[in-house]
Amino acid sequence: MKKLLLALALAIGVQAQAQIVSSTSSVIKYQKKEKKTSWYFKPGFSVMKMTGDGADDSGAKVGYNFGLGFQMPIKQRGAYWGMELGLGSRGWRYNDKDDSDYDQSAIAHNVQLSPFTFGWKIDLGDKVKLDPHIGVYASVDYKSKVSFDDDTYDWDEWSDAIGSRGCWPDYNCYDVGMNLGVGVWYDRFNFDITWQRGFIDAFTELDGFKTSNVMFRLGIAF
Numbered sequence: 508m509k510k511l512l513l514a515l516a517l518a519i520g521v522q523a524q525a526q527i528v529s530s531t532s533s534v535i536k537y538q539k540k541e542k543k544t545s546w547y548f549k550p551g552f553s554v555m556k557m558t559g560d561g562a563d564d565s566g567a568k569v570g571y572n573f574g575l576g577f578q579m580p581i582k583q584r585g586a587y588w589g590m591e592l593g594l595g596s597r598g599w600r601y602n603d604k605d606d607s608d609y610d611q612s613a614i615a616h617n618v619q620l621s622p623f624t625f626g627w628k629i630d631l632g633d634k635v636k637l638d639p640h641i642g643v644y645a646s647v648d649y650k651s652k653v654s655f656d657d658d659t660y661d662w663d664e665w666s667d668a669i670g671s672r673g674c675w676p677d678y679n680c681y682d683v684g685m686n687l688g689v690g691v692w693y694d695r696f697n698f699d700i701t702w703q704r705g706f707i708d709a710f711t712e713l714d715g716f717k718t719s720n721v722m723f724r725l726g727i728a729f
């Protein structure tokens with residue numbers, strides 16, 4: 508009888524230990540799943556213009572922005588940090604109210620790197636999450652164009668062409684600035700609106716000629 512009770516106790520102990528190990532493994536697997544880095548691709552268009560004292564009379568022009576990046580959860584509470592590499596544009600349009608034939612259009616194409624973005628995914632239920640985020644970016648223009656009065660220049664040539672006005676601006680092909688936006692996720696799909704604000708004047712001697720883009724992008728995570 509004692510041997511039977513001992514065997515029964517041993518069997519119960521082994522089963523309980525197996526359940527504890529199984530539960531622990533499930534928790535570990537769940538935690539690993541939650542910590543998984545999410546990659547995404549976000550293509551879209553932007554409304555580009557320049558802002559500041561030197562660009563008060565300039566208007567908006569349609570551009571583009573494509574980004575490939577990742578988001579890594581922070582302590583499983585909805586917060587995350589991420590990075591993004593992409594292609595984008597900046598520019599402006601200017602119409603002279605006193606001259607209907609005058610239409611100046613400018614665009615520069617660039618490579619952009621967002622080395623750090625911090626966001627917080629707020630669970631709204633039914634696979635829907637609100638995603639406010641803030642980050643920094645750096646960009647380098649690799650091609651540019653200004654068109655007006657039937658003439659076409661790149662931005663560097665254009666800065667030389669307006670030297671006759673009494674200033675000799677230098678074109679800065681690089682920029683650094685801030686990204687501030689909010690997105691909505693439904694499962695793996697995303698719609699995002701981000702304001703991109705540059706901190707560096709595109710042209711020296713033209714005070715306040717800084718990048719100001721509003722980007723509208725659709726994304727998918729994988």
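Offset between the sequence shown (1-based) and the working numbering: plus 507.
Heads up, the beta-carbon is just placed ideally off N, CA and C, and yes, glycines get one too.
Because the structure is a prediction, the values reported are computed rather than measured.
Is the CB-CB distance between GLN611 and PHE573 below 9 Å? no
Helix, strand or coil for ALA709? Go by DSSP, reduced to three states. coil
Buried versus exposed, by CB contacts within 10 Å (16 or more), LYS556: buried
Terminal residues of the beta strand (DSSP E) in which SER651 lies: 635 to 655
Pop quiz: VAL635 and TYR587 are said to be a contact at Cβ under 8 Å. What is the actual Cβ separation, rounded to whole angstroms? In fact, because the Cβ distance is near 17 Å, the residues do not count as touching under 8 Å.
Is it buried or exposed for LEU713, if we count other Cβ within 10 angstroms and need 16 for buried? buried
LYS568 versus GLY690 - alpha carbon distance: 23 Å
Which stretch, first to last residue, makes up the beta strand (DSSP E) that contains ALA562? Per DSSP, ALA562 belongs to no beta strand (DSSP E) and is neither H nor E.
DSSP state of ASP663 mapped onto helix, strand, coil: helix
DSSP beta-bridge partners for GLY585? GLY585 is not bridged to any residue.
Output the distance between the C-alpha atoms of PHE577 and ASP657, rounded to the nearest integer angstrom. 44 Å
Using DSSP's beta-bridge definition, name the partner residues of ARG695. Paired residues: none, contrary to the question.
Is it a yes or a no for the segment 676 to 686 touching the segment 629 to 645, going by three-plus beta-carbon pairs under 8 Å? yes
Have a look at THR711, ILE700, PHE716, ILE727 and flag the residue whose alpha-carbon is nearest the alpha-carbon of PHE552. ILE700
Only counting the same chain, and skipping five residues up and downstream in sequence, which positions put a Cβ closer than 7 Å to that of PHE625? TRP588, HIS640, ILE641, GLY642
Please state the DSSP three-state secondary structure of SER530. Reliability fails at SER530, whose pLDDT of 48 lies under 50, so the model's placement of it is uncertain and no value is given.
What's the C-alpha gap between LYS549 and TRP702? 15 Å
Cβ-based neighbour list, SER596, same chain, cut-off 6 Å, excluding 5 preceding and 5 following: GLY570, TYR571, ILE614, HIS616
What does DSSP give as the partner residues of CYS594 in its beta bridges? Just to set this straight, residue 594 is Leu in the shown sequence, not Cys. The partner list for LEU594 (beta bridge, DSSP) reads PHE573, VAL618.
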